[in-house]
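Numbering (this note's numbering), first residue to last: 941 to 1046.
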Amino acid sequence: MFKLRRTGDMDEMEKDIALKSMRWGYAFTLLVLGIWMIAANITGGAWQLPFYIICGQNIVCFFARQLYRKQVDDEGWKKDISRFVIALVIILAVGLFIPLFLLGLK
């Protein structure tokens, strides 16, 4: 197709433009996958694939951000990781116990 040639490092304006473009692309992807998931849920289709893509995208984004924060010696990454693990344990526990509880009621 076409090649992008970079002759040097990006300046502040180019970095700002790239970051804003990535944010718009992320928002668009999230919106499309969210609509797909809701429409598939309403029509009785498979809603799991867009849900897993959204979850995977956010998990990768979170851990990449924490990795870069660790590299620049920002101490806040430790607190964020512990909050993520606690939230994950709660979500998994609720996700496991609610179906088991509902099965027990039948």
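Built from N, CA and C at the ideal position, the CB exists for glycine as well. All values derive from a computational prediction rather than experimental measurement.
beta-carbon residue i near the ligand ATP non-hydrogen atom, thresh 7 Å
i, result
"Ile1021", "This structure simply doesn't include the ligand ATP, nor any ligand for that matter."
Rounded C-alpha distance that separates residue i from residue j
i, j, result
"Gly965", "Leu959", "10 Å"
"Ala986", "Asp1013", "43 Å"
"Arg1023", "Leu973", "26 Å"
"Ile978", "Gln1011", "38 Å"
"Met950", "Ile982", "45 Å"
Bounding residues of the alpha helix (DSSP H) (the contiguous stretch that carries residue i)
i, result
"Trp987", "Segment: none, Trp987 is in no alpha helix (DSSP H) and carries neither H nor E."
Expected contact under 8 Å - CB spacing of residue i and residue j to nearest Å
i, j, result
"Ile994", "Leu970", "7 Å"
"Ile1021", "Gln997", "Going by Cβ atoms, the distance from Ile1021 to Gln997 rounds to 18 Å, so no, they are not a contact pair."
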